[in-house]
Amino acid sequence: MLVNRITTLVSSQAVRGTTLRCIGARAAYSTNGQDFKVTDTEIQIGDKNYKKDAWTNVSPTTLSRVNRKLHLHPQHPISIIRQLIESHFHDFKPFNEFSPVVTTKQNFDDLLIAKDHVTRNRSDNYYINESTMLRAHTSAHQLQGMRSGANKFLISGDVFRRDEIDASHYPVFHQMEGVVFFDADPVKTAEQVNADIASGRLKEAENVKVVDDTIVKPENPMQACHTPETLEPIAAHLKYSINSMLWKLFADEQDLEVRWIDAYFPFTSPSWEVEIKYKGEWLEVLGCGVVQQELMNQAGLHDKIGHAFGLGLERLAMVLFGIPDIRLFWSQDERFIQQFTPGKIQKFQPFSKYPPCIKDMSFWLPTKSWEENDFCELVRDVAGDLVENVELIDDFTHPKSQKRSLCYRILYRSMDRNVTNEEINTIQDRVRGAVEKQFAVELR
Ligand code: DAH
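Have a look at this one:
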């Protein structure tokens, strides 16, 4: 899980007693989000009611995106990639309809994430209340999948994280989880790995160069209950499965570099990440590893050994389809969706980029501490998808008073029309007002 920062409560003022529906019935391809209702004391999503408490920090903007199900719209790039991966892993059972509303037990405890682990922070997650949240990763359903009786399965869906604002971060994105387990018998596992390789699924492609110099070592160890003989074939299967998927997906891409690096996840050991070099930078596309046996045991799979991976579909789609801004995935503009054909990877043809409107805002903080995620969340709440980028351009502490002043640059731009300066001024005024009120800052 990505590790970020800490938070305060998102204001519910604006939504008291109102029923909100997801926008977007306009475009033919849109799937509406689920109905929801927010009152002073409750949040209703679909036909379920949740009591609000001190943990509640989910915003109406985010709730409106719950269940848009971009991953199920056949013409949408996210869905096209999902289907291509599913056809590659054709003997895996796909689960695409698990609800994004999960318990904190599913999202954290079941995955052995410690009670005080930073990934539980309110500033990084959307809590409906203390025990319920919008899932932060599809790993939240690993146990469900393991208990389903399938020994190879995929789980796709939307995941929610509070984050910074730029072209590759959005509070909702899509992940695909894969889990495989075998009999914890080295001979049998080796047989199955060899059978998979022989079946032609694991073909090497010359245009995709994979560098993997990871070795199992004390910092990224084998689990005490495993032996090198059981670990080796399972790790080999994991690595071949991922590499072959990448060789297939990127078959038409020119000279792509992929690398395996060591990682840490509480629910796997050893653990790795896979990165792709894109526009000169290494982009993390998936995390994976050998499933902690304790987790397998919780699912009643004491005599099995498994591997798992979780990949970000937007990241892959941005590289494969050449999509430059993550907001485009949510665009209701026909010029976006009509470019794509189910089953095909085609480069996105950018439609004219509209001019940006840039506004700066500076303020004195009431205390030294500051959570940027909370600020970004509020900006998104007020300005919606018109905000493309938020950047801290000045951080200054007054030498005498020791007061800290920040200056943020907000770049506004619409994906499908020109914005006027007056319109953005009105929004910027609302952002300033909301920031002043929520964070008790002194605007400059
Ligand atoms: N859930 C992790 C994340 O969102 C990714 C991940 C890592 C998934 C390792 C896995 C895994 O299944 O084994 O960052």
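Using this note's numbering, read the sequence shown as starting at 17 and increasing by one per residue.
Where is the CB? At the ideal position from N, CA and C, for every residue including glycine.
Quick check: is any heavy atom of the ligand DAH less than 6 Å from the C-beta of residue i?
{"i": "histidine 153", "result": "yes"}
{"i": "glutamate 193", "result": "yes"}
{"i": "alanine 324", "result": "yes"}
{"i": "cysteine 423", "result": "no"}
{"i": "threonine 135", "result": "no"}
{"i": "phenylalanine 111", "result": "no"}
{"i": "asparagine 281", "result": "According to the sequence shown, residue 281 is phenylalanine rather than asparagine. Result yes, Cβ under 6 Å from the ligand DAH."}
{"i": "threonine 120", "result": "no"}
{"i": "cysteine 304", "result": "yes"}
{"i": "threonine 55", "result": "no"}
{"i": "threonine 442", "result": "no"}
{"i": "threonine 230", "result": "no"}
{"i": "threonine 1", "result": "With the chain covering only 17 through 460, there is no way to say anything about residue 1."}
{"i": "threonine 77", "result": "no"}
Excluding the five sequence neighbours on either side, which residues of its own chain have a C-beta within less than 7 Å of the C-beta of residue i, listed in chain order?
{"i": "serine 115", "result": "none"}
{"i": "isoleucine 250", "result": "Phe198, Thr205, Val306, Ile321, His323"}
{"i": "tryptophan 71", "result": "Arg138, Tyr143, Asn145, Glu146"}
{"i": "glutamine 29", "result": "Any reading at glutamine 29 needs caution, since the residue's pLDDT is 24, under 50, leaving its predicted position unreliable; the model's value is listed next. Taken in chain order, the list of residues that qualify is empty."}
{"i": "tryptophan 288", "result": "Thr230, Trp276, Ile277, Asp278, Ala279, Cys304, Gly305"}
{"i": "serine 155", "result": "Leu127, Glu193, Phe283, Gly326"}
Identify the residues that DSSP records as bridge partners of residue i: which are they?
{"i": "tyrosine 424", "result": "Met377, Leu408"}
{"i": "lysine 109", "result": "Phe169"}
{"i": "methionine 431", "result": "Paired residues: none, contrary to the question."}
{"i": "threonine 205", "result": "For threonine 205, which the question treats as bridged, DSSP gives no partner whatsoever."}
{"i": "lysine 293", "result": "Trp298"}
{"i": "threonine 148", "result": "Thr119, Asn145"}
{"i": "aspartate 199", "result": "Lys320"}
{"i": "aspartate 229", "result": "BP columns for aspartate 229 are empty, so no partner."}
{"i": "arginine 275", "result": "Val227, Glu291"}
{"i": "threonine 383", "result": "Paired residue(s): none; threonine 383 is not in a bridge."}
{"i": "threonine 154", "result": "Answer by DSSP bridge pairing: none, since threonine 154 is not bridged."}
{"i": "methionine 192", "result": "Ser172, Leu327"}
{"i": "leucine 459", "result": "Phe379"}
{"i": "threonine 413", "result": "Arg420"}
{"i": "cysteine 392", "result": "None, per the DSSP bridge assignment."}
{"i": "aspartate 140", "result": "Aspartate 140 pairs with nothing; no bridge assigned."}
{"i": "valine 307", "result": "Thr284"}
{"i": "asparagine 236", "result": "Lys233"}
{"i": "valine 403", "result": "Tyr428"}
Only counting the same chain, and skipping five residues up and downstream in sequence, which positions put a Cβ closer than 8 Å to that of residue i?
{"i": "aspartate 69", "result": "Asn145, Glu146"}
{"i": "alanine 450", "result": "Ser27, Leu394, Asp397, Val398"}
{"i": "alanine 456", "result": "Pro382"}
Counting contacts by CB-CB distance shorter than 7 Å, is residue i in contact with chain B?
{"i": "tryptophan 380", "result": "Protein chains in the displayed structure number just one, and chain B is not present."}
Below 6 Å CB to CB, which residues in the same chain sit around residue i once its five sequence neighbours on both sides are set aside?
{"i": "histidine 87", "result": "Ile94, Ser95, Arg98, Ser172, His190"}
{"i": "aspartate 126", "result": "Leu159"}
{"i": "lysine 369", "result": "none"}
{"i": "isoleucine 440", "result": "Cys373, Tyr428"}
{"i": "threonine 246", "result": "Ala200, Pro202, Ile321"}
{"i": "aspartate 228", "result": "Trp276"}
{"i": "tryptophan 386", "result": "none"}
{"i": "histidine 253", "result": "Val209"}
Cβ pair count under 8 Å reaching 3, the segment 379 to 394 against the segment 406 to 419 = yes
Okay, do the segment 169 to 181 and the segment 134 to 153 touch, 3+ Cβ pairs below 8 Å being the bar?
-> yes
Any chance you could list the alpha helix (DSSP H) runs of at least 4 consecutive residues sitting entirely within the segment 313 to 380, in chain order?
-> 329 to 337, 350 to 353
4-residue-minimum alpha helix (DSSP H) runs that sit fully inside the segment 49 to 126, ordered along the chain | 76 to 79, 93 to 104, 120 to 123
Does the count of Cβ pairs from the segment 427 to 438 and the segment 409 to 419 closer than 8 Å reach three?
-> no
Spell out a yes or no on whether the segment 257 to 273 and the segment 100 to 110 are touching, meaning 3 or more CB-CB pairs, one atom from each, closer than 8 Å.
-> yes
The segment 179 to 187 in contact with the segment 234 to 244 per 3-pair CB rule at 8 Å = no
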